[in-house]
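Worksheet: one structure, shown below.
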Amino acid sequence: DGGITQSPKYLFRKEGQNVTLSCEQNLNHDAMYWYRQDPGQGLRLIYYSQIVNDFQKGDIAEGYSVSREKKESFPLTVTSAQKNPTAFYLCASSLQGKPYEQYFGPGTRLTVT
Amino acid sequence: AQSVSQHNHHVILSEAASLELGCNYSYGGTVNLFWYVQYPGQHLQLLLKYFSGDPLVKGIKGFEAEFIKSKFSFNLRKPSVQWSDTAEYFCAVNARFGNEKLTFGTGTRLTIIP
Numbered sequence: 027d028g029g030i031t032q033s034p035k036y037l038f039r040k041e042g043q044n045v046t047l048s049c050e051q052n053l054n055h056d057a058m059y060w061y062r063q064d065p066g067q068g069l070r071l072i073y074y075s076q077i078v079n080d081f082q083k084g085d086i087a088e089g090y091s092v093s094r095e096k097k098e099s100f101p102l103t104v105t106s107a108q109k110n111p112t113a114f115y116l117c118a119s120s121l122q123g124k125p126y127e128q129y130f131g132p133g134t135r136l137t138v139t
Numbered sequence: 172a173q174s175v176s177q178h179n180h181h182v183i184l185s186e187a188a189s190l191e192l193g194c195n196y197s198y199g200g201t202v203n204l205f206w207y208v209q210y211p212g213q214h215l216q217l218l219l220k221y222f223s224g225d226p227l228v229k230g231i232k233g234f235e236a237e238f239i240k241s242k243f244s245f246n247l248r249k250p251s252v253q254w255s256d257t258a259e260y261f262c263a264v265n266a267r268f269g270n271e272k273l274t275f276g277t278g279t280r281l282t283i284i285p
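These protein sequence lines are chains A and B, in that order. Per our numbering, the very first residue in the first sequence carries number 27; after that it's consecutive. Per our numbering, the very first residue in the second sequence carries number 172; after that it's consecutive.
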């Protein structure tokens, strides 16, 4: 069954801790994306990667970091520098050259207290 | 850079009512336009897309959208909604000749009352 897996579904952390969100895809897609979804603000792009070992900052990259060591994996680290980390995080992937046909994962809801 | 505006934040309709959700974009060049839908508890998925040609595009589940270039708009319509259309709808734009980014609007929550 092809798709995108994000784990865990719910994640709780204490303020000041870094936390890494997992995103794996078996769609053989080249491009992968991380979005943050907040009520009333839609989806905002954090980072994206078009090929392995390369990634670009999105619109709200501050306080986040990513890596793309494997085609199927694109983990996102929410660092302690992120001022408002509590949010719903969505991972997506697409074929190279087709950023509009993105396939989304189920999301991870991160709560930092 | 491109931007998208969705002015309807929450729309409540009765079943069988007609639907129109507004979407306006801002970008100086040529764009591709999309509507995505997020049903409760499900993944965000593509509803319909416009690249070029006929400005009236049809998507899944009876939805359609019309691109009006002069108004920079891409409104979503459905003549008769069903309870199962309850979801959050996102308009999105992508610069046709440019970066690989998809820019989303803030979303419209649609609630259909049976």
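Note that beta-carbon positions come from the ideal geometry of N, C-alpha and C, so glycine has one too. Bear in mind the structure is a predicted one, so any value in this text is a computation, not a measurement.
Can you find the residues in the same chain that come closer than 7 Å, C-beta to C-beta, to residue i, ignoring five residues on each side of it along the sequence?
{"i": "Val175 (chain B)", "result": "Cys194, Tyr196, Cys262, Ala263, Val264, Thr274, Phe275 and Gly276"}
{"i": "Gln253 (chain B)", "result": "Glu186 and Ile283"}
{"i": "Ser241 (chain B)", "result": "none"}
Could you say which of the options lies nearest to residue i if we only look at CA atoms?
{"i": "Asp206 (chain B)", "options": "A:Thr103, A:Gly68 and A:Ser48", "result": "Reading off the sequence, residue 206 (chain B) comes out as Trp, not Asp. Answer by Cα proximity: A:Gly68."}
{"i": "Pro65 (chain A)", "options": "A:Lys109, A:Pro125, A:Ala113 and A:Met58", "result": "A:Ala113"}
{"i": "Ala188 (chain B)", "options": "B:Thr279, B:Lys249 and B:Thr257", "result": "B:Lys249"}
{"i": "Phe130 (chain A)", "options": "A:Lys124, A:Cys117 and A:Thr139", "result": "A:Cys117"}
{"i": "Gln32 (chain A)", "options": "A:Gln108, A:Ile72, A:Trp60 and A:Ser93", "result": "A:Trp60"}
{"i": "Arg94 (chain A)", "options": "A:Val104, A:Thr103 and A:Val78", "result": "A:Val78"}
{"i": "Tyr198 (chain B)", "options": "B:Gly224, B:Phe243 and B:Leu184", "result": "B:Phe243"}
{"i": "Lys96 (chain A)", "options": "A:Gly42, A:Gly29, A:Glu41 and A:Asn54", "result": "A:Asn54"}
Would residue i count as contacting chain A if we go by Cβ distances under 8 Å?
{"i": "Lys240 (chain B)", "result": "no"}
{"i": "Thr277 (chain B)", "result": "yes"}
{"i": "His178 (chain B)", "result": "no"}
{"i": "Phe268 (chain B)", "result": "no"}
{"i": "Phe234 (chain B)", "result": "no"}
{"i": "Lys272 (chain B)", "result": "yes"}
Short check: CB of residue i to CB of residue j, under 8 Å?
{"i": "Leu47 (chain A)", "j": "Pro101 (chain A)", "result": "yes"}
{"i": "Ala236 (chain B)", "j": "Tyr260 (chain B)", "result": "no"}
{"i": "Ser99 (chain A)", "j": "Asn44 (chain A)", "result": "no"}
{"i": "Gly89 (chain A)", "j": "Gln63 (chain A)", "result": "no"}
{"i": "Phe234 (chain B)", "j": "Leu204 (chain B)", "result": "no"}
{"i": "Thr134 (chain A)", "j": "Lys35 (chain A)", "result": "yes"}
{"i": "His214 (chain B)", "j": "Pro132 (chain A)", "result": "yes"}
Closer than 8 Å, CB to CB, is residue i near chain B or not?
{"i": "Phe100 (chain A)", "result": "no"}
{"i": "Glu127 (chain A)", "result": "yes"}
{"i": "Phe130 (chain A)", "result": "yes"}
{"i": "Gln51 (chain A)", "result": "no"}
{"i": "Leu116 (chain A)", "result": "yes"}
{"i": "Tyr68 (chain A)", "result": "Reading off the sequence shown, one finds Gly at residue 68 (chain A), where the question assumed Tyr. True, the Cβ-Cβ gap to chain B drops below 8 Å."}
{"i": "Tyr74 (chain A)", "result": "yes"}
What residue does the beta strand (DSSP E) around residue i start on, and which one ends it?
{"i": "His55 (chain A)", "result": "Counting along the chain, His55 (chain A) falls outside any beta strand (DSSP E), and DSSP gives it neither H nor E."}
{"i": "Cys194 (chain B)", "result": "Looking at the DSSP string, Cys194 (chain B) is not in any beta strand (DSSP E), and its letter there is neither H nor E."}
{"i": "Ile284 (chain B)", "result": "Thr279 to Ile284"}
{"i": "Asn44 (chain A)", "result": "Here Asn44 (chain A) belongs to no beta strand (DSSP E), and DSSP marks it neither H nor E."}
{"i": "Arg70 (chain A)", "result": "Gly68 to Ile77"}
{"i": "Asp80 (chain A)", "result": "Asp80 to Lys83"}
{"i": "Trp206 (chain B)", "result": "Val202 to Gln209"}
{"i": "His181 (chain B)", "result": "His181 to Ser185"}
{"i": "Tyr221 (chain B)", "result": "Leu215 to Tyr221"}
{"i": "Glu98 (chain A)", "result": "Glu98 (chain A) -> no beta strand (DSSP E), and no H or E assigned at all."}
{"i": "Gln90 (chain A)", "result": "A quick correction: the sequence has Tyr, not Gln, at residue 90 (chain A). First-last of the beta strand (DSSP E) with Tyr90 (chain A): Tyr90 to Val92."}
{"i": "Lys242 (chain B)", "result": "Note, Lys242 (chain B): premise wrong, no beta strand (DSSP E); not H, not E."}
{"i": "Phe38 (chain A)", "result": "Tyr36 to Arg39"}
Leaving out the 5 sequence neighbours to the left and right, which residues in its chain are closer than 8 Å to residue i when beta-carbon positions are compared?
{"i": "Gln76 (chain A)", "result": "Asp56, Ala57, Gln82 and Gln122"}
{"i": "Val202 (chain B)", "result": "Gln173, Tyr196, Val264, Asn265, Ala266 and Arg267"}
{"i": "Thr257 (chain B)", "result": "Tyr210, Pro211, Leu281, Thr282 and Ile283"}
{"i": "Ile86 (chain A)", "result": "Arg62, Arg70, Leu71 and Ile72"}
{"i": "Ile231 (chain B)", "result": "Leu218 and Leu219"}
{"i": "Val182 (chain B)", "result": "Leu190, Leu192, Thr279, Arg280, Leu281 and Thr282"}
Tell me which residues share the same chain as residue i and place their Cβ nearer than 6 Å to its Cβ, disregarding the 5 neighbours each side in the sequence.
{"i": "Val228 (chain B)", "result": "Leu219, Tyr221 and Ala236"}
{"i": "Gln177 (chain B)", "result": "Cys194, Cys262, Gly276, Thr277 and Thr279"}
{"i": "Glu50 (chain A)", "result": "Thr31, Glu98 and Ser99"}
{"i": "Val92 (chain A)", "result": "Tyr73, Phe81 and Leu102"}
{"i": "Arg39 (chain A)", "result": "Val45 and Val138"}
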